[in-house]
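Undergrad: Using this note's numbering, the first residue of the sequence shown is number 38, and each one after it goes up by one.
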Amino acid sequence: MNASTRVSFQGSHVLVVHPDGYEITPDALGVSWMRMGEACRQHGCYKVLVDSPATVRKEMRQAEAYQSAIQAMEALHGATVALCFPDYVPDELSGFFKLAAANRGVQVEFFQSRETALRWLGVGPEDDQGAA
Numbered sequence: 038m039n040a041s042t043r044v045s046f047q048g049s050h051v052l053v054v055h056p057d058g059y060e061i062t063p064d065a066l067g068v069s070w071m072r073m074g075e076a077c078r079q080h081g082c083y084k085v086l087v088d089s090p091a092t093v094r095k096e097m098r099q100a101e102a103y104q105s106a107i108q109a110m111e112a113l114h115g116a117t118v119a120l121c122f123p124d125y126v127p128d129e130l131s132g133f134f135k136l137a138a139a140n141r142g143v144q145v146e147f148f149q150s151r152e153t154a155l156r157w158l159g160v161g162p163e164d165d166q167g168a169a
């Protein structure tokens, strides 16, 4: 996870905000899942909103997505994670990742809208003090 990635507790969920230019790579995700898990355990809250800028780059293959799902399960078992990317377009890799994560006890969904992601998590925008 990039040093400028922010992780904070919002009262109803853990908020992770990636910096502009964040790259989704296997190594970056491994660190990211670990930090999210630590925050969830620290606050006893297993609802996570990951908010990323539009300029995120994804550099992963299917085997790496599968490994990332395993890392997510190890760090976040039982969590619900909303991944918000303004320019998100559903693709085969993200669908595969969602299925692999769900099979290991982590519910994941991708969103373009922060408000829709918060509703899916069961928290309202009024609970979200980390809006960019």
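Don't be surprised by glycine CBs; every beta carbon is placed ideally from N, CA and C. Keep in mind it's a predicted model, so treat the numbers as computed, not measured.
Taking DSSP as the reference, what is the three-state secondary structure of A144?
TA: On the sequence shown, position 107 is the one that residue 144 refers to. With the sequence shown as reference, residue 144 is identified as Gln, and Ala is not the correct amino acid for it. Note: Q144 maps to strand in three-state DSSP.
Undergrad: With 16 other CB atoms within 10 Å as the buried threshold, where does G74 fall?
TA: Position 37 of the sequence shown, counting from 1, holds the residue named residue 74. Its Cβ being crowded by 16 or more others within 10 Å, G74 is buried.
Undergrad: Quick check on the DSSP output: what are the complete alpha helix (DSSP H) runs of length 4 or more inside the region 78–125, in order along the chain?
TA: Segments of the alpha helix (DSSP H) lying fully in the region 78–125: 99–113.
Undergrad: Alpha carbon to alpha carbon, how far is S89 from A139? Give it in angstroms, no decimals.
TA: Numbered from 1 along the sequence shown, position 102 holds the residue referred to as residue 139. Numbered from 1 along the sequence shown, position 52 holds the residue referred to as residue 89. About 21 Å.
Undergrad: L136 to V143, Cα distance in whole Å?
TA: One-based indexing of the sequence shown puts residue 136 at position 99. One-based indexing of the sequence shown puts residue 143 at position 106. Each residue's alpha carbon lies about 9 Å from the other.
Undergrad: Of the residues A112, D124, H80, P123, which one's Cα is nearest the Cα of R72?
TA: Locating residue 72 in the sequence shown gives position 35, counting from the first residue. R72 has its Cα closest to that of A112, out of A112, D124, H80, P123.
Undergrad: Assuming V145 and L120 are in contact, meaning their beta carbons sit under 8 Å apart, how far apart are those beta carbons, in whole angstroms?
TA: In the sequence shown, the residue the question calls residue 145 occupies position 108. In the sequence shown, the residue the question calls residue 120 occupies position 83. At roughly 7 Å, the Cβ-Cβ gap stays under 8 Å, so V145 and L120 are in contact.
Undergrad: Which one of A106, F148, Q99, V54 has the shortest CA to CA distance from P123?
TA: One-based indexing of the sequence shown puts residue 123 at position 86. Closest by alpha carbon: F148.
Undergrad: How long is the line joining the alpha carbons of H114 and R141, rounded to whole angstroms?
TA: The residue given as residue 114 occupies position 77 in the sequence shown. The residue given as residue 141 occupies position 104 in the sequence shown. About 7 Å.
Undergrad: Rounding to the nearest angstrom, what Cα-Cα distance links A106 and F134 in this structure?
TA: Your numbering for residue 106 matches position 69 in the sequence shown. Your numbering for residue 134 matches position 97 in the sequence shown. One C-alpha to the other measures close to 6 Å.
Undergrad: Between which two residues does the alpha helix (DSSP H) holding S131 run?
TA: Looking up residue 131 in the sequence shown gives position 94. Element bounds for S131: 129–139.
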